[in-house]
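Report on the structure given below.
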């Protein structure tokens, strides 16, 4: 396998924003333990702006690093800005990911979208969130 | 920082005595064993001596040893070579579901060329039931290939029992002993097998050295053609330094294998006990007693293998993980699947394989380092959080 970038290792070894948010405004859980990763992302929203984000992740080094990075990226953003964060942006912020680990960045995007979707639903609003088309769990052929 | 290498199933270091034996054959004694002149004769004598030592390790005759470049080549050679040599007799072969891919993939290739393959299952400990093999044998069966010890979970099969069946039914029996040779006594007469694969770098020999034992009288179709080497069965100028190294590693193994068994069993049991005491929700995979002495394969719930591997690596400890995320296919190990390990739990698997260079202090260091890593990752794991909440509800 390709090696991880130093940025990935940094976020894996000392991940930012680990934990839960009590009474979060949005929670999203994505992934499947069978495939090796499950991400749960919590957001706190104040006046249409994400004031806090935390995560819990079961997964490999890249899964933990992308969770750490996506929570970093989303903090301080408005909901509209957060909706535009793509998996590519997460991967790029980490200095790239090995090819076989790109699905972890997709999962991070899905976790964020799922938390935003939950936020809209909790508010009783119609959710504009579209989950990414590419599944994070499309298995490569052996 | 302490460095602890617990990945001997991946590869072993070349023993200093092996290296010493090999060195003259790179440039000083560089001859081609096929040549009649003194330089050639010198090289020929060296590989003859190595053949004798390799044969002695498994109680075979020197002429029954065929050197190959790897364990994978030996396995491919056995599967394809025997199938092709005996295709007049039949078109059916039997393997187990937990074989190495260097058995399973050639078996798949044979299926595409008109052979049929039966893959027998194992029980939860990884043991094949010899009766399943007996039931699978038909008039069309050419041979059975079931590994001696599994490379992941270390389970040692009842080869002698299966050999009684194959002998009685008149089918050949190959065993992949790549994981076991050098670590437990392996005797082809006692096992009763007709063919056996072994690999040098698995037991302190060099990479690129391996062999296929073929009992006298067993035919095989060469897979590498164009030369008279290895009795015309495997062409190509011999890798003399590697073969000399394999011979030396075999000699060392023959002398100390019983000592290895007792030393490593004690060390492995210390590790197993230490981890089981300090980590909850831990599963020891493989057979409780019929297992390679240096093998510890453990699954830990709610944590993922690669993360553990990376943190252990930061602490100077080298292990392997059985997690889907580390494999290219994102599928968990076919061996763990076969023994019925839950796929989610299989992702939290570590394979630790010990060697003669490991000490009690090394093991205690791992017992000290791994539990806090598991704890930290569990605190980060949504699966662990869910489990705790469910327990609170109860």
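Protein chains in written order, with this note's numbering: chain V, 1 to 142; chain Y, 143 to 536.
Note that beta-carbon positions come from the ideal geometry of N, C-alpha and C, so glycine has one too.
Which residues in chain V have a C-beta closer than 8 Å to the C-beta of residue i? List them in chain order.
{"i": "residue 446(Y)", "result": "36, 37, 58, 59, 60, 63"}
{"i": "residue 252(Y)", "result": "The premise fails here: residue 252(Y) is roughly 18 Å from chain V at the closest Cβ pair, so nothing lies under 8 Å."}
{"i": "residue 214(Y)", "result": "None at all; the shortest Cβ gap to chain V is about 16 Å."}
What does residue i reach in chain Y if we use C-beta pairs closer than 8 Å?
{"i": "residue 33(V)", "result": "485, 486, 489, 525"}
{"i": "residue 71(V)", "result": "Correct list: empty, because the minimum Cβ distance to chain Y is about 12 Å."}
{"i": "residue 29(V)", "result": "524"}
Return the residue from the list the options that minimises the CA-CA distance to residue i.
{"i": "residue 259(Y)", "options": "197(Y), 266(Y), 288(Y), 526(Y)", "result": "288(Y)"}
{"i": "residue 521(Y)", "options": "445(Y), 455(Y), 334(Y)", "result": "445(Y)"}
{"i": "residue 11(V)", "options": "31(V), 27(V), 96(V)", "result": "96(V)"}
{"i": "residue 501(Y)", "options": "387(Y), 214(Y), 279(Y), 411(Y)", "result": "411(Y)"}
{"i": "residue 364(Y)", "options": "177(Y), 528(Y), 228(Y)", "result": "228(Y)"}
{"i": "residue 528(Y)", "options": "38(V), 9(V), 16(V), 6(V)", "result": "38(V)"}
{"i": "residue 62(V)", "options": "121(V), 71(V), 123(V), 9(V)", "result": "9(V)"}
{"i": "residue 395(Y)", "options": "284(Y), 429(Y), 486(Y), 341(Y)", "result": "341(Y)"}
{"i": "residue 205(Y)", "options": "484(Y), 373(Y), 507(Y)", "result": "373(Y)"}
{"i": "residue 333(Y)", "options": "325(Y), 315(Y), 301(Y)", "result": "301(Y)"}
{"i": "residue 4(V)", "options": "52(V), 65(V), 109(V), 26(V)", "result": "65(V)"}
For residue i, does the three-state DSSP call read helix, strand or coil?
{"i": "residue 530(Y)", "result": "helix"}
{"i": "residue 357(Y)", "result": "coil"}
{"i": "residue 329(Y)", "result": "coil"}
{"i": "residue 26(V)", "result": "strand"}
{"i": "residue 223(Y)", "result": "helix"}
{"i": "residue 139(V)", "result": "Here residue 139(V) scores only 43 on pLDDT, less than 50, and its place in the model is too uncertain to base an answer on."}
{"i": "residue 442(Y)", "result": "strand"}
{"i": "residue 147(Y)", "result": "strand"}
{"i": "residue 402(Y)", "result": "helix"}
{"i": "residue 479(Y)", "result": "helix"}
{"i": "residue 126(V)", "result": "coil"}
{"i": "residue 271(Y)", "result": "coil"}
{"i": "residue 379(Y)", "result": "coil"}
{"i": "residue 288(Y)", "result": "coil"}
{"i": "residue 101(V)", "result": "helix"}
{"i": "residue 423(Y)", "result": "coil"}
Short check: CB of residue i to CB of residue j, under 9 Å?
{"i": "residue 21(V)", "j": "residue 116(V)", "result": "no"}
{"i": "residue 476(Y)", "j": "residue 347(Y)", "result": "no"}
{"i": "residue 172(Y)", "j": "residue 323(Y)", "result": "no"}
{"i": "residue 317(Y)", "j": "residue 432(Y)", "result": "no"}
{"i": "residue 31(V)", "j": "residue 474(Y)", "result": "no"}
{"i": "residue 408(Y)", "j": "residue 212(Y)", "result": "no"}
{"i": "residue 328(Y)", "j": "residue 290(Y)", "result": "yes"}
{"i": "residue 462(Y)", "j": "residue 216(Y)", "result": "no"}
{"i": "residue 78(V)", "j": "residue 67(V)", "result": "no"}
{"i": "residue 357(Y)", "j": "residue 366(Y)", "result": "no"}
{"i": "residue 359(Y)", "j": "residue 368(Y)", "result": "no"}
{"i": "residue 267(Y)", "j": "residue 499(Y)", "result": "no"}
Name the chain Y residues that come within less than 9 Å of residue i, Cβ to Cβ?
{"i": "residue 66(V)", "result": "Residues of chain Y passing the Cβ test: none, with the nearest at roughly 12 Å."}
{"i": "residue 143(V)", "result": "This structure does not reach residue 143(V), given that chain V is present from 1 up to 142, and the question cannot be answered."}
So, at 7 Å on beta carbons, what are the nonlocal neighbours of residue i in its own chain, with the 5 sequence-adjacent residues on each side left out?
{"i": "residue 414(Y)", "result": "426, 438"}
{"i": "residue 82(V)", "result": "50, 74, 112, 116"}
{"i": "residue 175(Y)", "result": "182, 185, 186, 189, 380, 382"}
{"i": "residue 249(Y)", "result": "221, 235, 237, 259"}
CB-CB under 8 Å to residue i, same chain, minus the five flanking residues each way: which ones, in chain order?
{"i": "residue 251(Y)", "result": "222"}
{"i": "residue 279(Y)", "result": "236, 286, 307, 308, 311, 313"}
Identify the contact partners of residue i in chain Y, using a Cβ-Cβ distance below 7 Å as the criterion.
{"i": "residue 90(V)", "result": "The contacting residues do not exist; residue 90(V) stays about 17 Å from chain Y at best."}
{"i": "residue 40(V)", "result": "524"}
{"i": "residue 18(V)", "result": "522"}
If I measure Cβ to Cβ from residue i and keep anything under 6 Å in the same chain, skipping five residues before and after, which residues do I get?
{"i": "residue 19(V)", "result": "54"}
{"i": "residue 457(Y)", "result": "511"}
{"i": "residue 391(Y)", "result": "160, 342, 345, 346, 347"}
Could you work out which residues of chain V lie near residue i, taking near to mean beta carbons separated by less than 9 Å?
{"i": "residue 475(Y)", "result": "Here the premise fails: no neighbours, minimum Cβ distance about 12 Å."}
Examine chain C for any beta-carbon lying closer than 9 Å to the beta-carbon of residue i, and answer yes or no.
{"i": "residue 9(V)", "result": "Here the protein chains are V and Y, and chain C is not one of them."}
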